[in-house]
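The block underneath contains the structure these notes are about, expressed in structure tokens.
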Amino acid sequence: MPDGSIAKPPQGYDWRNKGIRHIPAKARSCDTPETKGMNREVAISGSRTGSTALWAGTNRIEPNSQTGPHHHGHLESVIYVISGTAHMRWGDRLEFITEAKAGDFFLVPPYVPHQEINSSSTEVLHCALVRSGTEEVVINLPDLDIVDEPEWIKQG
1 MPDGSIAKPP QGYDWRNKGI RHIPAKARSC DTPETKGMNR EVAISGSRTG STALWAGTNR
61 IEPNSQTGPH HHGHLESVIY VISGTAHMRW GDRLEFITEA KAGDFFLVPP YVPHQEINSS
121 STEVLHCALV RSGTEEVVIN LPDLDIVDEP EWIKQG
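Residue 41 in UniProt numbering sits at position 41 of the sequence shown; the count goes up by one each step and never skips.
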């Protein structure tokens, strides 16, 4: 629906075939736009599973690694840290930074330039991702003028 609302299914809807979908881990795909330093995999999207409102997947960032700066256009994003410790830089020059540990979430508003950093030298950073649209949007920002020392923002 154009306004983003979803109509209630009619009485007798085929819930058996159009209800809950299980997407096994092996069904995830790396067929997503790439960002330097990140292994992003899609599990749920409009084109893969018929989702009408969301995109969902995972990402992995190797120890001592960071992503390239990027944003996700008009999409709002939720990042859940499954394992590891993430540092997140954001802003026009990535001038702010904060930290999230396993069990924590990040909320990333639309168009916010950001960069994920794995703060560990030994552990892979593994996250679950959900976006407010049915297909992935990634705008890489390779020419961003990044500050040397970001301001630490304590949250939570």
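By construction, the Cβ of each residue, glycine as well, lies at the ideal position given by its N, Cα and C atoms.
Remember, it's a predicted structure, so these values are computed and weren't measured experimentally.
Beta-carbon proximity list for D104, same chain, < 6 Å, skipping 5 on both sides:
Excluding positions up to five away in sequence, the list reads V81.
Thinking C-beta only, is Q115 closer than 8 Å to L129?
Between L129 and Q115, the gap from beta carbon to beta carbon reaches 8 Å or more.
Could you give the residue range of the alpha helix (DSSP H) that holds N39?
Per DSSP, N39 belongs to no alpha helix (DSSP H); it is in the beta strand (DSSP E), N39 to I44.
Short check: CB of P24 to CB of L75, under 8 Å?
Result no, Cβ atoms of P24 and L75 do not sit closer than 8 Å.
Unbroken beta strand (DSSP E) run spanning N118, endpoints:
Segment H114 to N118, the beta strand (DSSP E) holding N118.
What does DSSP give as the partner residue(s) for I61 in the beta ladder?
Answer by DSSP bridge pairing, in chain order: L125.
Reduced DSSP secondary structure (H/G/I, E/B, other) of S47
In the three-state DSSP reduction, S47 falls in the helix class (H, G or I).
Less than 8 Å between C-beta atoms, sequence neighbours within five positions excluded: which residues of the same chain meet that for T122?
Once the five neighbours on either side are set aside, the close Cβ partners of T122 are P63.
Does the distance from the C-beta atom of N39 to that of C127 stay below 8 Å?
No, these two residues do not count as a Cβ contact at 8 Å.
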